[in-house]
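Trainee: Using the numbering used here, you'd call the opening residue of the sequence shown number 14 and step up by one each time. I'd like to ask you about the structure that follows.
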Amino acid sequence: MKSVAIGIDIGGTNTKYGIVDPQGNLLASSSISTSRDKTVEEYVQSVHDAIQVLIQELDEELEIQGVGIGAPNANYYTGTIEYAPNLAWKGVVPIADLFGKFFDVPIVITNDANAAAVGEMIYGGATGMKNFCVITLGTGVGSGFVVNGDLVYGHDGFAGEFGHVTAIPKGRLCTCGRLGCVETYASARGVVLTVQELLAGSTEPSALRKILPEDLTPKDVFDAAESGDQIAIDTFNQTGKILGRSLADLVAFLSPQTIFIFGGVARAGDWILEPTKRYMEDHLLAIYKDKVNIVPSKLPESDAAILGASSLVWQEIQRNTPKIMQNN
């Protein structure tokens with residue numbers, strides 16, 4: 014019988030789910046619309062039924078060790094999703110308890126960035142590391158911090174909101190309602206806003222002028238930078254400057270060995286990583302200089318959300334296994 018974990022990633026539009034073995038092999042996966050059902054109870058039933066179809070299609074003897082769930086505003090301590098702005102279910106949703114009615118195994122839940130950090134530790138580039146951070150640069154900016162081998166949740170389950178640290182006082186309006194958050198500059202939306210500002214303040218020729226603002230993506234900016242477009246290059250430099258300065262502050266608190274960068278903006282590679290590293294080093298205290306790596310995530314992006322969610326199960330098993338048994 015093969016031991017597996019179920020990984021579920023709940024997004025505002027789609028929910029991805031899959032079956033993963035302890036080595037990080039994704040045995041099967043699929044997705045459904047998150048908003049397909051009227052109630053959260055109906056949604057959980059639909060996800061359960063879809064997972065059962067996957068299990069049947071595999072046609073193997075499986076021993077499910079647990080279900081890991083990555084979701085926005087998810088609280089590891091309480092098993093709830095709390096006031097998630099991009100989900101249809103309002104208030105506090107007891108998502109772990111709801112899934113527990115269908116799966117007689119441990120249900121572990123946290124936010125998607127924390128799940129990415131555990132996935133990096135279990136399956137990715139942070140294997141064997143005790144102190145590192147994962148920063149996700151996508152629609153928003155998320156983060157997961159691992160200190161002494163443990164994910165940092167804080168006293169209420171919501172530690173690690175690096176995206177909502179103030180980068181520019183009285184800066185851009187953030188979706189959280191505050192001004193100048195890191196997310197307003199280093200997310201996909203932030204990159205697009207920087208392009209628009211640079212285009213408006215310059216007569217520099219740029220291929221990006223031909224793209225409607227609502228159609229512009231970080232991929233367009235990357236392609237333009239690869240072609241030598243100065244506006245695109247300046248956009249990544251400015252983004253890296255703000256991100257790097259903020260990461261220097263983060264290093265002062267956590268002193269991580271490595272910072273892993275993940276998400277759509279990170280696909281720009283050295284265009285974003287090089288200025289981020291450079292500006293971070295410029296603003297680090299002397300005791301931290303040249304000690305912290307900034308590298309891309311080693312998780313395969315297409316499967317990362319499911320792998321991250323499933324890794325919560327293996328970490329929970331390890332956490333609850335007596336050390337004497339772990340050492341044997």
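Beta carbons are placed, not taken as given, at the ideal position from N, Cα and C, and that holds for glycine.
Taking Tyr30 as part of the alpha helix (DSSP H), name the residues at either end of that continuous run.
Mentor: Premise fails: Tyr30 lies in the beta strand (DSSP E), 27-33, not in any alpha helix (DSSP H).
Trainee: How do the segment 138-155 and the segment 112-127 stand: do at least 3 beta-carbon pairs fall below 8 angstroms, yes or no?
Mentor: Short answer: they touch.
Trainee: Under the rule that 16 or more other beta-carbon atoms within 10 Å means buried, what is Val66, buried or exposed?
Mentor: Looking at its Cβ environment, which holds fewer than 16 other Cβ atoms inside 10 Å, Val66 is exposed.
Trainee: Please return the same chain residues whose Cβ sits closer than 6 angstroms to the Cβ of Leu229, not counting the five positions on each side in sequence.
Mentor: Same-chain partners within the cutoff: Val205.
Trainee: Please say whether Ala279 and Ala128 have beta carbons closer to each other than 8 angstroms?
Mentor: Contact: no.
Trainee: Please report the distance separating the alpha-carbon of Ala139 from that of Thr216.
Mentor: Roughly 44 angstroms between the two C-alpha positions.
Trainee: Contact between the segment 282-295 and the segment 38-52: three or more CB pairs below 8 angstroms?
Mentor: The segment 282-295 vs the segment 38-52: no contact.
Trainee: With a 10 Å radius around its C-beta and 16 neighbouring C-beta atoms as the bar for buried, classify Glu133 as buried or exposed.
Mentor: Classification for Glu133: buried.
Trainee: Please state whether DSSP places Asn250 in a helix, a strand or coil.
Mentor: In the structure shown, Asn250 sits in a helix (DSSP, three-state: H, G or I).
Trainee: Would you mind stating whether Phe115 and Val57 have Cβ atoms separated by less than 8 angstroms?
Mentor: It is a contact, given that the beta carbons lie within the stated cut-off.
Trainee: Spatial neighbours of Tyr292 within its chain, please: CB distance less than 7 angstroms, with the 5 preceding and 5 following residues excluded, ordered by chain position.
Mentor: These residues qualify, in order along the chain: Gly253, Lys254, Gly257, Arg258.
Trainee: In terms of residues, what are the limits of the beta strand (DSSP E) holding Ile285?
Mentor: Per DSSP, Ile285 belongs to no beta strand (DSSP E); it is in the alpha helix (DSSP H), 283-296.
Trainee: Give me the DSSP bridge partner(s) of Asn88.
Mentor: DSSP, once it has assigned bridges, lists Thr93 as partnering Asn88.
Trainee: Where does Met338 land, buried or exposed, given buried means 16+ other C-beta within 10 angstroms?
Mentor: The predicted position of Met338 is uncertain, since its pLDDT is 39 and thus under 50; no value can be drawn from it.
Trainee: Give the secondary structure of Asn38 by DSSP, where H, G and I count as helix, E and B as strand, and everything else as coil.
Mentor: Note: Asn38 maps to coil in three-state DSSP.
Trainee: When you compare each of Gly241, Ser310, Leu267, Phe145 to Leu298 by their alpha carbons, which one comes out closest?
Mentor: Nearest option by C-alpha distance: Leu267.
Trainee: For Asn340, count neighbouring C-beta atoms within 10 Å of its own C-beta (all shown protein chains included) and say buried if the count is 16 or more, exposed if not.
Mentor: Residue placement at Asn340 is flagged as unreliable, the pLDDT there being 42, under the threshold of 50; the coordinate-derived value follows with that caveat. Classification for Asn340: exposed.
Trainee: From Lys336 to Ile330, what does the alpha carbon distance come to, in whole angstroms?
Mentor: The predicted position of Lys336 is uncertain, since its pLDDT is 45 and thus under 50; a value taken from the coordinates is nonetheless stated next. Straight-line Cα distance between these residues: approximately 12 angstroms.
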